[in-house]
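Here the structure comes first, spelled out in structure tokens, and everything after it is commentary.
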């Protein structure tokens with residue numbers, strides 16, 4: 048059993064959940080996402096984030112728009128789609144069921 052691979056898969060799923068949750072509140076630029084994830088104690092680098100964003104965009108869970116920047120190249124701002132909102136709702140339900148189950152098992156005396 049490869050526990051590192053399992054951890055990486057779990058982390059990827061949790062990151063997707065966190066990314067969709069953040070973008071659900073407001074459209075975001077990559078550096079905004081990284082800042083918010085760091086505030087939540089999730090240390091994520093651009094090299095990890097871009098493939099996840101691409102996968103979510105290709106799955107039609109996210110879309111983006113370009114905006115000119117006064118201090119450099121244009122910026123890509125991500126927003127959640129209706130399909131993404133439905134997927135986020137499913138993730139929230141699954142997360143609640145999972146945490147309820149784990150809490151029930153681990154908090155028994």
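Residue numbers (my numbering): 48 to 156.
By construction, the Cβ of each residue, glycine as well, lies at the ideal position given by its N, Cα and C atoms.
DSSP places residue 131 outside any beta strand (DSSP E); the residue lies instead in the alpha helix (DSSP H), whose first and last residues are 129-153. Residue pairing for residue 114: DSSP places it in a beta bridge opposite 122. Annotated three-state conformation of residue 109 is strand, per DSSP. The beta carbon of residue 115 sits closer than 6 angstroms to the beta carbons of 121 from its chain, once the five residues preceding and following it are set aside; these are given in chain order. Setting aside the 5 residues that flank it on each side, residue 69 is surrounded in the same chain by 75, 80 and 83, each with a C-beta closer than 7 angstroms to its C-beta; the list follows chain order. By alpha-carbon distance to residue 90, the top candidate from 65, 71, 138 and 144 is 65. Residue 83: member of the alpha helix (DSSP H) spanning 77-86, first to last residue.
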